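Student:
Residue numbers (our numbering), protein chains in the order written: chain P, 74 to 357; chain G, 158 to 460.
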């Protein structure tokens with residue numbers, strides 16, 4: 074990490090400059106984080122399926138859920154998958170509430186292709202979820218410690234003064250999918266930095282704390298925690314909402330990785346080396 | 158590669174990767190070392206929560222205004238067992254809680270005996286492993302009062318609660334076949350379906366389960382739970398006989414249920430008939446410490 078490996082031959086051409094963008098700790102942490110989040114999401118959907126309804130407050134108000142994913146039978150006698158949000162219902166047959174599992178239409182909130190385990194199994198899902206919650210937290214702690222000590226975190230997520238002043242310019246770049254080249258490409262842009270900051274300092278900590286607030290043991294140890302979220306059922310609902318926001322982040326992240334030079338981005342996060350185009354087209 | 162080819166290639170890779178990952182996860186969980194690896198999370202949870210919790214750390218107690226209008230009954234809500242039905246018919250006047258195992262003085266308490274002991278009332282939140290919560294006001298005798306009267310032997314490590322309700326059958330004509338999977342509840346809400354099915358798939362025949370000695374070839378598997386001494390002597394650990402100021406209804410575990418406020422609902426055994434103090438859980442049930450634990454759930458349910 075301290076010493077950058079030699080520049081691989083072939084990546085640097087006169088028009089391109091290879092920079093060592095991602096130190097080993099950050100690369101390893103990135104991929105462990107990605108794997109953990111995926112397993113946490115999919116086991117979390119299986120856990121949600123055991124009681125596919127969300128509420129606000131300390132206790133469940135079974136008749137008036139904030140959100141529910143159920144199945145029902147319509148006037149013609151056909152089974153339907155139904156999502157209820159704040160009293161309004163949506164037909165989601167085939168995906169939510171009613172979907173195919175091993176060729177059979179099955180009552181389940183999230184479909185089998187989206188859950189770990191794929192079949193109905195709350196006990197095993199909880200084991201996956203807690204093991205990888207520990208992986209996420211330990212990996213995240215190493216990342217934060219390394220990032221703070223090395224100065225990487227500040228460089229990566231705190232916008233520079235000129236970037237804040239040209240906030241509109243960065244918005245324009247994203248809308249036109251036309252990203253900076255040369256020197257400017259060596260640092261993350263302002264929207265990128267603020268998004269990473271929101272995920273690292275906002276969504277992920279809230280996610281972990283809301284998860285802990287659902288634990289009756291933690292609620293006895295740290296009674297303030299569940300109160301911060303407005304009760305255990307609120308904590309569960311917030312855990313679900315933040316999970317959705319994290320999925321949204323990952324989708325945007327992956328799309329931007331694809332449109333801004335997939336192989337270059339992948340090489341960067343696998344080997345550390347990232348090519349900067351001095352001018353002209355985006356590197357592929 | 159053109160853009161379109163690239164897109165198709167990446168989509169295919171992602172779909173294949175996703176399917177392989179899902180299958181891999183399922184296979185890993187089903188392998189010999191999978192469950193042991195996955196259990197590491199539970200071990201860490203127990204270790205850390207025990208560091209953070211002292212005997213004085215209490216679960217939050219709520220004002221009575223927060224009590225749920227209906228305290229959702231779950232798991233067994235009407236034990237099918239004939240012996241239990243006879244007890245319920247007598248309004249539990251013939252009920253005796255037996256306390257035995259590694260104790261100096263085995264005990265037997267009727268409901269009136271238990272009500273005569275010191276009592277504790279607590280309005281607490283009940284968290285089901287499925288995700289929902291209800292708030293109820295429980296009155297009962299602290300488990301410590303009962304255990305101290307019996308006196309623990311030095312080897313005592315766990316307190317086991319043996320319950321009246323049959324959840325499924327081992328062996329017998331109902332195992333396997335098309336309905337086999339249906340007869341193993343995956344989580345508490347599924348229990349009633351299994352019990353009704355075991356009674357002959359006929360809700361009207363509900364109540365056909367065996368008495369103490371099976372009348373049929375089927376061996377009943379009854380609910381049981383276990384806790385360690387740290388939890389057993391916690392001040393909020395009570396054997397509750399009242400819910401919201403009234404005798405516990407059958408659906409919520411009459412005549413006696415355990416309240417263990419710092420853990421999930423399935424630890425809080427209903428229809429408790431006998432308390433056994435043991436050194437090891439290995440020889441009880443399938444050896445994992447409880448009905449749900451034998452089916453993959455965590456023994457430590459503090460999260």
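C-beta: ideal position from N, C-alpha, C; glycine also.
Everything numeric in this text was worked out from a predicted model, so none of it was measured.
1. Based on Cα-Cα distance, which residue from G/459, G/396 and G/381 lies nearest to residue 446 of chain G?
2. Buried or exposed for residue 177 of chain G, please, with buried defined as at least 16 other CB atoms from any protein chain shown within 10 angstroms of its CB.
3. According to DSSP, is residue 378 of chain G helix, strand or coil?
4. Between which two residues does the beta strand (DSSP E) containing residue 119 of chain P stretch?
5. Quick one: list the residues of chain G neighbouring residue 189 of chain P, beta-carbon separation under 9 angstroms, in chain order.
6. Label residue 449 of chain G either buried or exposed according to how many other C-beta atoms from any shown protein chain fall within 10 Å of its C-beta, with 16 as the threshold for buried.
7. Could you please give me the residues that DSSP links to residue 131 of chain P through a beta bridge?
8. Candidates G/411, G/296, G/323 and G/354: which alpha carbon is nearest residue 395 of chain G's?
9. If we define contact as Cβ-Cβ less than 8 angstroms, is residue 169 of chain G a contact residue for chain P?
10. Could you name the residues of chain P that residue 287 of chain G contacts, counting a contact when the two beta carbons are closer than 8 angstroms?
11. For the alpha helix (DSSP H) that residue 204 of chain G lies in, which residues bound it at each end?
12. Just the C-alpha distance for residue 444 of chain G and residue 451 of chain G, rounded to the nearest angstrom, thanks.
13. Taking residue 248 of chain G as the reference, which of G/269, G/455, G/174 and G/377 has the closest Cα?
14. Closest Cβ-Cβ distance between residue 203 of chain P and chain G: below 8 angstroms?
15. Tell me whether residue 299 of chain G sits in a helix, a strand or coil according to DSSP, three-state version.
16. Can you confirm whether residue 339 of chain P, when its beta carbon is compared against all beta carbons of chain G, has any partner nearer than 8 angstroms?
17. Measuring CB atoms only, is the segment 310-322 of chain P touching the segment 272-284 of chain P, in the sense that at least three cross pairs come out at less than 8 angstroms?
18. Taking residue 425 of chain G as the reference, give the member of G/175, G/281 and G/213 with the closest Cα.
19. For residue 278 of chain P, decide whether its Cβ has a neighbour in chain G, counting only Cβ atoms nearer than 8 angstroms.
20. Which residue marks the beginning of the beta strand (DSSP E) containing residue 414 of chain G, and which one marks its end?
21. Would you mind reading off the limits of the alpha helix (DSSP H) that contains residue 346 of chain P?
22. Specify, as a first and last residue, the run of the alpha helix (DSSP H) that residue 242 of chain G falls within.
23. Along the segment 282-306 of chain P, what residues have a CB closer than 9 angstroms to any CB found in chain G?
24. Measure the C-alpha to C-alpha separation of residue 275 of chain G and residue 301 of chain G and round it to an integer number of angstroms.
25. Hey, how far is the Cα of residue 207 of chain P from the Cα of residue 194 of chain P?
26. Return helix, strand or coil for residue 182 of chain G, following the three-state DSSP convention.
27. If residue 421 of chain G sits next to residue 285 of chain G, beta carbons under 8 angstroms apart, how far is it from one beta carbon to the other, in whole angstroms?
28. Using CA atoms only, rank isn't needed, just tell me which of G/410, G/431, G/165 and G/457 is closest to residue 253 of chain G.
29. Show which residues of chain P have a CB atom less than 9 angstroms away from the CB atom of residue 418 of chain G.
30. Starting from residue 315 of chain G, follow the beta strand (DSSP E) in both directions and report where the run begins and ends.
31. For residue 133 of chain P, decide whether its Cβ has a neighbour in chain G, counting only Cβ atoms nearer than 8 angstroms.
32. Check each residue of the segment 193-208 of chain G: if its Cβ is closer than 7 angstroms to any Cβ of chain P, include it; give the result in chain order.
33. Looking at the C-beta of residue 207 of chain P, does it have a partner C-beta in chain G at a distance below 8 angstroms?
Tutor: From the atom records:
1. G/381
2. exposed
3. strand
4. Run containing residue 119 of chain P: none in the beta strand (DSSP E); it sits in the alpha helix (DSSP H), 97-123.
5. 178, 179, 182, 183 and 186
6. buried
7. Bridge partners of residue 131 of chain P: none, in fact.
8. G/296
9. no
10. 123, 124 and 195
11. 197-209
12. 7 angstroms
13. G/269
14. yes
15. strand
16. no
17. yes
18. G/281
19. no
20. 414-416
21. That residue, residue 346 of chain P, is in no alpha helix (DSSP H); its beta strand (DSSP E) goes 346-350.
22. 239-246
23. 284, 285, 287, 288, 289, 290, 291, 292, 293, 294, 295, 296, 299, 300, 304, 305 and 306
24. 10 angstroms
25. 21 angstroms
26. helix
27. 7 angstroms
28. G/431
29. 289 and 293
30. 315-327
31. yes
32. 195, 196, 197, 198, 199, 201, 202 and 206
33. yes
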